[in-house]
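Counting in UniProt numbering, the sequence shown runs from 1 upward without gaps.
All C-beta atoms in this analysis are idealised placements derived from N, C-alpha and C, irrespective of residue type, glycine included.
Down below is the structure, laid out as structure tokens.
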Amino acid sequence: MHFRMLGPMEVFRDGQSVGLGGIKQRATLGFLLLQPNRVVPTSQLLKALWAWEEAPASARKILQNAVWGLRGILCPDGTGGEQAALLTQAPGYMLRVDAERIDVHRFHRLSSQGRGELSAGRPEAAAELLREALALWRGPALADLVEGGIVWSEVVALQNARLVALEEFFEAELACGRHHAVLGELETAVAGEPLRERFCSQLMLALYRCGRQADALNLYARTRTALVDGLGLEPGHNLRALQHAILTHDPMLTVVGSPGETLVVAAAVDQSPPPASPPPGDVQGDSGSVDPTGEQGTGPILMAQSRKRQSRGRVGRGPVSVVMARIRLSGEPETGEQARLDEALERVTTIVREVVGSFGGVVAASLGSVSLVLFDGSDVRRRTADDAVSAAMTIHERLAAGVEQGVGAVASHLAVVSGEALVRYPASAGAAPTVNGALVDECHKLLSHVPDGSIHVCPETHRLTEDVVAYSAVDGVCAGWRVEGVHQEHIGYHTAPIVDREWELDLLRGLLERVRHRSVPHLATVLGEPGSGKSRFVMEFECRMAVSPQSVLFLSGAAPGTADRTDATDRLLAQVIAAQCEILTDDDPVVAEAKLVDLTERLVGPQHVDSVRSGLAPLLRPGRTAETNRRGALDSWRRLLRASAAQRPMVMVLDGVHRVDDDLLDFIEDLPRWASSVPLLVVATARPALLERRPSWGGGQRHAATITLDPLSERAINRLLDVLAVGTKGHGQPAGRFSALLGARPAERRAHPPSMGGLAVRSLDRDGGTESAWTVEPQRWHRVRAS
Numbered sequence: 001m002h003f004r005m006l007g008p009m010e011v012f013r014d015g016q017s018v019g020l021g022g023i024k025q026r027a028t029l030g031f032l033l034l035q036p037n038r039v040v041p042t043s044q045l046l047k048a049l050w051a052w053e054e055a056p057a058s059a060r061k062i063l064q065n066a067v068w069g070l071r072g073i074l075c076p077d078g079t080g081g082e083q084a085a086l087l088t089q090a091p092g093y094m095l096r097v098d099a100e101r102i103d104v105h106r107f108h109r110l111s112s113q114g115r116g117e118l119s120a121g122r123p124e125a126a127a128e129l130l131r132e133a134l135a136l137w138r139g140p141a142l143a144d145l146v147e148g149g150i151v152w153s154e155v156v157a158l159q160n161a162r163l164v165a166l167e168e169f170f171e172a173e174l175a176c177g178r179h180h181a182v183l184g185e186l187e188t189a190v191a192g193e194p195l196r197e198r199f200c201s202q203l204m205l206a207l208y209r210c211g212r213q214a215d216a217l218n219l220y221a222r223t224r225t226a227l228v229d230g231l232g233l234e235p236g237h238n239l240r241a242l243q244h245a246i247l248t249h250d251p252m253l254t255v256v257g258s259p260g261e262t263l264v265v266a267a268a269v270d271q272s273p274p275p276a277s278p279p280p281g282d283v284q285g286d287s288g289s290v291d292p293t294g295e296q297g298t299g300p301i302l303m304a305q306s307r308k309r310q311s312r313g314r315v316g317r318g319p320v321s322v323v324m325a326r327i328r329l330s331g332e333p334e335t336g337e338q339a340r341l342d343e344a345l346e347r348v349t350t351i352v353r354e355v356v357g358s359f360g361g362v363v364a365a366s367l368g369s370v371s372l373v374l375f376d377g378s379d380v381r382r383r384t385a386d387d388a389v390s391a392a393m394t395i396h397e398r399l400a401a402g403v404e405q406g407v408g409a410v411a412s413h414l415a416v417v418s419g420e421a422l423v424r425y426p427a428s429a430g431a432a433p434t435v436n437g438a439l440v441d442e443c444h445k446l447l448s449h450v451p452d453g454s455i456h457v458c459p460e461t462h463r464l465t466e467d468v469v470a471y472s473a474v475d476g477v478c479a480g481w482r483v484e485g486v487h488q489e490h491i492g493y494h495t496a497p498i499v500d501r502e503w504e505l506d507l508l509r510g511l512l513e514r515v516r517h518r519s520v521p522h523l524a525t526v527l528g529e530p531g532s533g534k535s536r537f538v539m540e541f542e543c544r545m546a547v548s549p550q551s552v553l554f555l556s557g558a559a560p561g562t563a564d565r566t567d568a569t570d571r572l573l574a575q576v577i578a579a580q581c582e583i584l585t586d587d588d589p590v591v592a593e594a595k596l597v598d599l600t601e602r603l604v605g606p607q608h609v610d611s612v613r614s615g616l617a618p619l620l621r622p623g624r625t626a627e628t629n630r631r632g633a634l635d636s637w638r639r640l641l642r643a644s645a646a647q648r649p650m651v652m653v654l655d656g657v658h659r660v661d662d663d664l665l666d667f668i669e670d671l672p673r674w675a676s677s678v679p680l681l682v683v684a685t686a687r688p689a690l691l692e693r694r695p696s697w698g699g700g701q702r703h704a705a706t707i708t709l710d711p712l713s714e715r716a717i718n719r720l721l722d723v724l725a726v727g728t729k730g731h732g733q734p735a736g737r738f739s740a741l742l743g744a745r746p747a748e749r750r751a752h753p754p755s756m757g758g759l760a761v762r763s764l765d766r767d768g769g770t771e772s773a774w775t776v777e778p779q780r781w782h783r784v785r786a787s
């Protein structure tokens, strides 16, 4: 005989279901099964069957009849029963039964064993045991009794025990690296228990590991809103630390536990930035630990690395960018001038350290006139390369003004390379890491071929930054690319505030709400002159949507500044398709194509895989050519976009469409027709030159709008400069000071902006008439222009 309580209550004898009678008889058996082999007082049974004020005068008689009926079911032949027997024993009744025949007991045993395996660092065994325990559940515990009005605290405890076991099962699966396998179950669990922070943290981690960072942050925002609105509480420490780790792309988020190892996420204890982020994998050192149960049941605890590990230091291999700067003072030192030149060289070194630090890098070594700079971005390779090149350009700009800097004329040579390198992190706090390996040799070789006043980068750095920085190819023994400047419309990362654009942002936000609620597509074109801040504007829109509680899929791509419209189109398409398929920058072509096929099968079915692959896969391959079948690619992409937007509202930003070819322009303009019934908002930015090619762009369309970004007003520019101003005597000088100092005519100032090297403004101090200076930091000036 077997008793099943994890779902509607059932009793089986020899594989056959046994009838249990009416609700009171079933409830009596259920309550006794919750406490097998223990005497349950009659008074306790009566309270379980009736609320105290609802118990009839004949309650004891009804209970006795229920016991008599159960004895006939458990022992139909009238014997004592070897498998189960209901005995009368003062002061009540006892159900004698082998506990292994009750599914509740087996569930508790298996989940306890699984918890022990997880604590011992054996997630594979833990997952198997917990999976077996959860498989015993067929629905809510004692569902038939609950539907009949039975309310027992023991049933609530059972349901909570199931949730805890489910959390531990997800913990074990994540430790085994099976985040894709549990993603759907985690989403279901979070939907059912939206305030359970441990489920939320586990789903955030799984989404991040699946390449869905924005979805993970959206989930955090929704959970926080639910906690604040419903309970007046902020998320717990662990959940906040996980959000911080995701925002900073903490490399330990991707470390998967294995037998004897557990996950380490360095984020919670000390969130101050170290000299360089730790790499994703260690060559030596402990792997750290995690409490699998989590503090207060909120999931994997985010902890700083153990003190033992910090005291030993660590060595890791990961993606970095390296800058080598060789800076020589002009002229030969004369007798007695060596001390002056040493002081000048020290000032040069100080300038280099200041600039490098402002971009998040660290000077790893200096030897005479050569400095070695490290930008360790772990898995965020794109930003690391951008920062390295921006730092090199700013060093060049500041040293070019050598007289003003007090160092005299200098000859500067700078080289930037990106790739994998071995980084050693010292044990002592504040000490700079060191970098070694072939990447450093490559940088040194490249530096030897850099002429005076130039910056050269390797092919990998060029690939990672070509949409930000303008380059020209360099031929010769050590081929590379020479930095020519920043693309005029490039903006920095999302650090400068946005001003005087709230009305336009509200328009886009309103269009998105219309798209979501009416399930209709819309084309929004953002027009603006070069430098008006189109890219910055859509970045701000994306960032605000990322923290919105609404779930929206956000895709974006930018057409690079190239004379070849076909190439610009291919590159833009490749960026958006890669984002839609969650293809990472370091995925090889085989992995990229596999992700494309997987998305196609899930969205439109396996019957369309061949056509979609033939149309889109060539765009994802390195060295793609202009021979891409454009019509086939756009047809395939249209099918994927429609299917994806039908499942989830989508925003797609296409930056710089004035650079793309007519085929893609036709595709975009025809959006309201081919996406007539799906919630898809396409935001296309362009210069007014687009209207010269397409005078009727968007005209007469039912679901199309145009937003024009006018140049910032004088007042808005002054507000922005006040925010970004860094004073030698303080911050935030009055806006009117900048108006006078930056030129009498605003139009002239906008037509001739300062160089990237920075803006120095001088004024007379009102009180004493002494001259003082305020500067806008060099790396921020192009953000002022683009805001």
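- For the options Arg-516, Ile-395, His-2 and Leu-527, the alpha carbon positioned closest to that of Leu-681 is the one of Arg-516.
- A residue is called buried once 16 or more other Cβ atoms fall within 10 Å of its Cβ, and Gln-89, having fewer, is exposed.
- Here Ser-371 is bridged, per DSSP, to Ala-325 and Ser-366.
- For the pair Val-660 and Glu-397, the Cα-to-Cα distance works out to about 33 Å.
- For Thr-525, the beta-bridge partners assigned by DSSP are Ala-684 and Thr-706.
- When DSSP states are grouped into helix, strand and coil, Ala-120 belongs to the coil group.
- Secondary structure of Asn-37 (DSSP, three-state): coil.
- By a beta-carbon distance limit of 8 Å, Gly-361 contacts Asp-387. Their separation comes to about 6 Å.
- Here the stretch 83-97 makes contact with the stretch 64-75; the two share three or more CB pairs at distances below 8 Å.
- Annotation for Val-322: Leu-372, Val-373, Leu-374, Phe-375, Ala-388, Val-416, Val-417, Ser-418, Ala-421, Val-435, Leu-439, Val-440 and Cys-443 place their beta carbon closer than 8 Å to its own, counting only its chain and skipping 5 residues before and after.
- For Met-204, the enclosing alpha helix (DSSP H) covers residues 197-209.
- The shortest C-alpha to C-alpha distance from His-658 to any of Ala-686, Asp-635 and Arg-621 is the one to Ala-686.
- Arg-694 is positioned such that its CB atom lies closer than 8 Å to that of Leu-665.
- In the DSSP assignment, Ala-51 falls outside any alpha helix (DSSP H), carrying neither H nor E.
- Secondary structure at Ala-27: helix, using DSSP grouped into helix, strand and coil.
- Ser-412 is positioned such that its CB atom lies closer than 8 Å to that of Ile-327.
- Where Gln-89 is concerned, the enclosing beta strand (DSSP E) starts and stops at 84-89.
- The C-alpha of Ala-51 lies about 32 Å from the C-alpha of Pro-76.
- As the crow flies, the alpha-carbon of Trp-481 is around 14 Å from that of Met-393.
- Inter-residue distance for Glu-10 and Gly-21 is about 11 Å (C-alpha atoms, whole angstroms).
- The Cβ neighbour count for Lys-534, taken over all protein chains shown within 10 Å, is at least 16; the residue is labelled buried.
- The three-state reading of DSSP puts Gln-159 in helix, counting H, G and I together.
- Rounded to the nearest angstrom, the Cβ distance from Leu-616 to Ala-633 is 6 Å, consistent with a contact under 8 Å.
- For the 8 Å CB-CB criterion, Ala-84 and Met-1 form a contact.
- Rounded to whole angstroms, the separation of the alpha carbons of Gln-607 and Pro-140 is 39 Å.
- Comparing C-alpha distances from Ala-558 to each of Val-468, Asn-629 and Asp-587 shows the shortest one belongs to Val-468.
- Exposed is the label assigned to Glu-484, since fewer than 16 other Cβ atoms lie within 10 Å of its Cβ.
- Taking C-beta separations shorter than 6 Å and ignoring five residues to either side along the sequence, the partners of Leu-523 in its chain run Leu-671, Val-682 and Ala-704, following chain order.
- Two segments are said to touch when three or more pairs of C-beta atoms, one from each, lie closer than 8 Å; by this definition the stretch 15-29 touches the stretch 57-68.
- Distances from the alpha-carbon of Leu-110 to those of Leu-134, Pro-123 and Arg-122 put Leu-134 closest.
- The beta carbon of Arg-571 lies closer than 6 Å to those of Pro-560 in the same chain, with the five residues before and after it left out.
- By DSSP's assignment, Pro-319 forms a beta bridge with Glu-420.
- Assignment of Asp-342 by DSSP, reduced to helix, strand and coil, places it in the helix class.
- With contact defined as three or more Cβ pairs closer than 8 Å, the stretch 498-515 and the stretch 164-182 are not in contact.
- For the 8 Å CB-CB criterion, Val-609 and Val-597 form a contact.
- CA-CA distance, Met-650 to Phe-359, rounds to 33 Å.
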